[in-house]
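Chemist: The C-terminal residue of the sequence shown carries number 1038 in our numbering, and the numbering is unbroken. Think of the CB as a built atom: it goes at the ideal place given N, C-alpha and C, for glycine as much as any other residue.
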Amino acid sequence: MQEDTNFFTANYDSIIDKINAIHPEKYSKTRNFLNGEVTYLSPYISRGVLSTKQVMEMVLNNGFTFFQSEKLIQELAWREYYQRVWQFKKEQIWDDLKQVQPAVDHYEMLASLLNCTTGIKVIDEHIQRLYQTGYIHNHIRMYLASITCNIGKAHWKIPAKWMYYHLLDGDIASNNCSWQWVGGSFSSKKYYCNQDNINKYTHSHQTGTFLDASYEQITALKVPDTLSVSTSLKLHTILPDTKLPILDLSKPTLLYNSYNLDPNWRAKENVNKVLILEPSHFNENPVSEKVLYFILELSKNIPGIQVFVGEIAAIVKLYNENHIETTEVIISKEHPAFEYYPGIKDQRDWLFPSVSGYHSSFFNFWKKCVQSIQ
Ligand SMILES: Cc1cc2nc3c(=O)[nH]c(=O)nc-3n(C[C@H](O)[C@H](O)[C@H](O)COP(=O)(O)OP(=O)(O)OC[C@H]3O[C@@H](n4cnc5c(N)ncnc54)[C@H](O)[C@@H]3O)c2cc1C
């Protein structure tokens, strides 16, 4: 295992080194294994430090062909797919998207997940690691969501909030849609795993667990004792105290936030730069102290940025008190979480800018992505 508590550097040059280290063919062959060559880029893509387009272009510029890189590009496209779903569905991203999640017993969190006591060793170890590092491998996320929703029969929403709270790469679209994909409310059937599958991809050898059974037996399993206790969840973000930013009101203000920390965005312009952390956003979507620290560290790649904890209305007021309309002077990047910002919204750097709107399945979306580049 590569990632330790300091693995996710916030230094921009070191982040770029991570892209240069990608070998897309090795990635494609090994990504499903716990020790596979995954990129660990999601915390930077989610937080808007890197764009999916930038990653693809750098990999291709490093001499790999589209064909060699196709699996990686397809994974990057999953992120865009979910972002497009969010753009279209807006607040409904919090509802069961295609159908009601089948076989739900409750809307709480499983105590054994919170406490790393499911009895599936590798899962318990990796929840512990999630708490320590803010990262968890995709396959373990799938196992964990399947154990929660399909064996433990919890509705996806509260466990998804728990995971989002701890993830450095927390992305409401990827998170909610992936939980729903596993739980069967954004897919045609639930995703199940058994102990054999877990052992194969994690190189472990555990036997005798509630998952040590055939798929046929597992789909018919009653909730095991270890998953039978559920609990409510209280999550909140402790934001720092800051003053109002000091703005030169003769200049526009670039707004950065927890999903836009791009140091190259309008980098040469003579502007104010504010990282705005709105209490209203974090009350709805709490993140851990570790995640907040990561966001603040990433913002240090942006010269001259001021951190402001407060609502957007306070920035608007600063301009309005000086009789300046905000339509031209407040500039942000388009993002479904912050549609309410006033002013100019720059487009994000999409991999497939012409493939927008809602697609009912990733593979319909991907087909159009491939057509768009042919
Ligand atoms: C239950 C569950 C919850 C998830 N929650 C999140 C989340 O909050 N934030 C998040 O970024 N990802 C989420 N994912 C998707 C995926 O697990 C992570 O993006 C991936 O593990 C990140 O590690 P990596 O950068 O090493 O991935 P790599 O395998 O190296 O992939 C390269 C890039 O492709 C994108 N990507 C890969 N797989 C997916 C995927 N399944 N969906 C969307 N994008 C993908 C990411 O941008 C990633 O950085 C979730 C998956 C599941 C099953």
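Just to confirm the assignment, what range does the alpha helix (DSSP H) spanning T797 have?
Modeler: K785 to T797
Chemist: Using a beta-carbon distance below 8 Å, is L705 in contact with chain D?
Modeler: Among the chains of the structure shown, chain D does not appear; only one protein chain is present.
Chemist: Whose CA, out of S710, A741 and K693, lies closest to the CA of K1032?
Modeler: When each option's Cα is compared against that of K1032, the closest is A741.
Chemist: For ligand 2, any of its heavy atoms closer than 7 Å to the Cβ of S842?
Modeler: You won't find ligand 2 in this model; what it holds is ligand 1.
Chemist: Do I995 and L875 have their C-beta atoms closer together than 8 Å?
Modeler: no
Chemist: Check whether the Cβ of V955 lies closer than 7 Å to any heavy atom of ligand 1, and answer yes or no.
Modeler: For ligand 1, not one heavy atom lies less than 7 Å from the Cβ of V955.
Chemist: Could you please give the first and the last residue of the uninterrupted beta strand (DSSP E) stretch that includes Q970?
Modeler: Q970 to V973
Chemist: Who are the Cβ neighbours of L1041 in its own chain at under 8 Å, not counting the five residues just before and after it?
Modeler: The displayed coordinates of the chain run from 665 to 1038. Any statement about residue 1041 would go beyond what the structure contains.
Chemist: Would you call the region 986–1002 and the region 701–710 touching, i.e. three or more CB-CB distances under 8 Å?
Modeler: no
Chemist: Please find out if some non-hydrogen atom of ligand 1 comes closer than 7 Å to the beta-carbon of T866.
Modeler: no
Chemist: Determine the direct distance from the alpha carbon of R1012 to that of K997, and round the result to whole angstroms.
Modeler: Approximately 6 Å, taken between the alpha carbons.
Chemist: Does the contact criterion of 3 or more C-beta pairs under 8 Å hold for the region 885–894 versus the region 906–913?
Modeler: Result no; under three Cβ-Cβ pairs closer than 8 Å.
Chemist: Any contact between the region 805–815 and the region 845–859? By contact I mean 3 or more CB pairs, one from each, below 8 Å.
Modeler: yes
Chemist: Return the chain-ordered ranges of every alpha helix (DSSP H) run that is complete within the region 898–962 and spans a minimum of 4 residues.
Modeler: 943–948
Chemist: By Cβ distance below 8 Å, which residues in the same chain neighbour P1006 in space, the five residues on each side in sequence not counted?
Modeler: I976, V980, T990, T991 and I994
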